[in-house]
Amino acid sequence: MDLDLGPEDQAFQNEVRTFLKENLTDEFLEAGRLTPAVRSPIEPTRRWAKVLAEKGWLCHPWPAEFGGPGWTAVQKYIYELETELAGAPSINNMGLRMVGPVVMKYGTEEQKATVLPSILNDEFAWCQGYSEPGAGSDLASLQTRAVPDGDNYVINGSKIWTTGAHNADKIFCLVRTSTEGKPQEGISFLLFDMDLPGITVKPILTYAGDHELNQVFFDDVRVPQSSRVGDENQGWTVAKYLLEFERGGVPYTPRVKAGLLRLKDMIHKEAGGDGRSLAEDPDFRGRLAKLEIGIQAAEIIEKRVMSALSQGENPGYASSIFKLRGSELLQEMLELTMKTLGNYAAPYQPEAYVFGNNVEAVAPNYGLTATSKYYNQRAATIYAGSSEVQRTILAKHALGL
Ligand SMILES: Cc1cc2nc3c(=O)[nH]c(=O)nc-3n(C[C@H](O)[C@H](O)[C@H](O)COP(=O)(O)OP(=O)(O)OC[C@H]3O[C@@H](n4cnc5c(N)ncnc54)[C@H](O)[C@@H]3O)c2cc1C
């Protein structure tokens, strides 16, 4: 599907394309190509984030009053699609997509004055401390305790599945500050440094072979109470607001659409079991058409949500539709990519996607990371709230069941 662009949007699209052509150096394109998981290799990707920050485009979803470029919903969508099509590295967006909106709405003036500029300049890498060994879908049952002591909280407990904690400078973290009343009523939302005494990060390696996940342990960690966002014991409201942005703030379809375009190109290069081009295989073409129709439908929902965001509204339950369909389409696209690659999808060559390697890969360039992405993104229907949880939210809030 093509965006129906007016002259102003076409001019914007050209501006974005020119910027990407001039600034996506070989190093950045290589980082984009060697992306086996959700994020691209950290060092070149941080350098790419700096280029975007200098241009003023890093926090492109933000309203102009907080330092964003003030783009319309269509412009944001164009930008997302063009960066995907150009093969830009995939950045850690937890600061700009999650912490930023929360601080804008619930932060003190001091937090706005310090945290927001640091995100605009990509000074820190953030990670998310929500899930615990005994609290995933049932997040409100979290047990990590924060006990007031003078001007500080003293934190004890553990967070799990913490993406990027091993590279993070800061964490946004849910802690239990009260055991009275309903579980949701005793939670607070804190922002703090990852190098404080008492914090230990242990890696969790996935079966895709990558290290993105960790378990984080807190042992008498002292955090200033001034780092709390929102009132004490009101963190559940802040946490839910953030989840709307986590699920609904990043459009899935530009990534899936870029993948579909690459796939369409690939099927002319790869043959099916009978030796004929996959482009001639009716079954395969049927699945491809179904995927494309699904993307078109999801794109309409995403644009609606992005338009609401541009007008200062929050995504609401539409973010659950967004997350549910987006993650399913992503998995379908990656599955078709695996099918297309056939034998080339089989070799396990993680050394071939280490940044800066000189390994001769078995798979063609366009299929190098397909298998690891396929395995990595099996988690897409689990992280940021599983599909079952999204369906329950929709049943309650959209259908009133
Ligand atoms: C790759 C990856 C990255 C992640 N990154 C982070 C991160 O950076 N920070 C962070 O805090 N967390 C992160 N998570 C954790 C993620 O949010 C949780 O895994 C998720 O919320 C599910 O929780 P759980 O793993 O405890 O599974 P459970 O909650 O135990 O669920 C197990 C199964 O039961 C189903 N289920 C549970 N409750 C219900 C219900 N009420 N109705 C119907 N079905 C139900 C679930 O859908 C799932 O299929 C990440 C997870 C993954 C896999």
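If you want the working numbering, it's the 1-based position in the sequence shown plus 322.
Cβ atoms here follow ideal geometry from the backbone N, Cα and C, with glycine treated the same way.
Bridge pairing for tryptophan 448: Lys492 [DSSP]. In the DSSP annotation of this structure, the continuous segment of the beta strand (DSSP E) that includes proline 546 starts and ends at 535-546. Residue range 395-408 is occupied by the alpha helix (DSSP H) that includes alanine 408. In this structure, threonine 466 sits near arginine 498, with a CB-CB distance shorter than 8 Å. Taken atom to atom, the span from the alpha-carbon of tyrosine 675 to that of glycine 451 is near 28 Å. Scanning its chain for C-beta atoms nearer than 7 Å, with the 5 sequence neighbours on each side dropped, one finds around serine 440 the residues Phe446, in chain order. The Cβ neighbour count for valine 551, taken over all protein chains shown within 10 Å, is at least 16; the residue is labelled buried. In this structure, DSSP gives lysine 481 an extended state, which the three-state scheme calls strand.
One thing to note: alanine 720 has its Cβ within 8 Å of the Cβ of tyrosine 639.
Isoleucine 704 carries a coil assignment under DSSP once its states are collapsed to helix, strand and coil.
Look at proline 637 here: in three-state DSSP terms it is coil, with no helix or strand label.
Of all C-beta pairs linking the segment 614-623 to the segment 579-589, three or more are shorter than 8 Å, placing the two stretches in contact. In this chain, the alpha helix (DSSP H) harbouring proline 423 covers 422-428. 8 Å or more divides the Cβ of valine 425 from the Cβ of leucine 442. Look at the segment 583-610 and you find no whole run of beta strand (DSSP E) that is 3 residues long or longer.
Where leucine 351 is concerned, there is no enclosing beta strand (DSSP E), although the alpha helix (DSSP H) around it starts and stops at 348-355. Distances between the C-beta of serine 708 and the heavy atoms of ligand 1 include at least one below 7 Å.
Methionine 416 sits close to cysteine 449, with the two beta carbons spaced by under 8 Å. Taking 8 Å as the upper bound for CB-CB distance, tyrosine 697 and tyrosine 529 are in contact here, some 6 Å apart. Rounded to whole angstroms, the Cβ separation of serine 642 and leucine 716 is 5 Å, and the two are in contact under 8 Å.
Closest in C-alpha terms to glutamate 349, from the list Ile509, Val373, Thr340, Gln335, comes Val373.
The segment 477-495 makes contact with the segment 526-543; the number of CB pairs closer than 8 Å reaches 3 or more. The DSSP-derived three-state label of phenylalanine 514 is strand. By the Cβ-count criterion, aspartate 444 is buried, with 16 or more other Cβ atoms from all chains shown falling within 10 Å of its own Cβ. In this structure leucine 403 touches proline 576 by the C-beta definition: roughly 4 Å separates them, less than 8 Å.
Between glycine 707 and leucine 564, the CB-CB gap reaches or exceeds 8 Å.
In this structure, serine 459 has its beta carbon less than 7 Å from a heavy atom of ligand 1. Closest in C-alpha terms to lysine 398, from the list Gln335, Gln712, Ala408, Ile413, comes Gln335.
For proline 385, the secondary structure class from DSSP, reduced to helix, strand or coil, is coil.
By the criterion of at least three beta-carbon pairs nearer than 8 Å, the segment 509-521 is in contact with the segment 487-494.
In the structure shown, the three-state DSSP call for arginine 361 is coil.
Residue environment: lysine 434 is assigned as exposed (fewer than 16 neighbouring CB atoms within 10 Å of its CB, all protein chains considered). Assignment of threonine 466 by DSSP, reduced to helix, strand and coil, places it in the coil class. Taking every protein chain shown into account, the CB of alanine 333 has fewer than 16 other CB atoms within 10 angstroms, so this residue is exposed.
Going by DSSP, valine 523 is part of no alpha helix (DSSP H) but of the beta strand (DSSP E) stretching over 521-526.
Threonine 662 and leucine 600 do touch by the CB rule: their CB atoms are close to 6 Å apart, below 8 Å.
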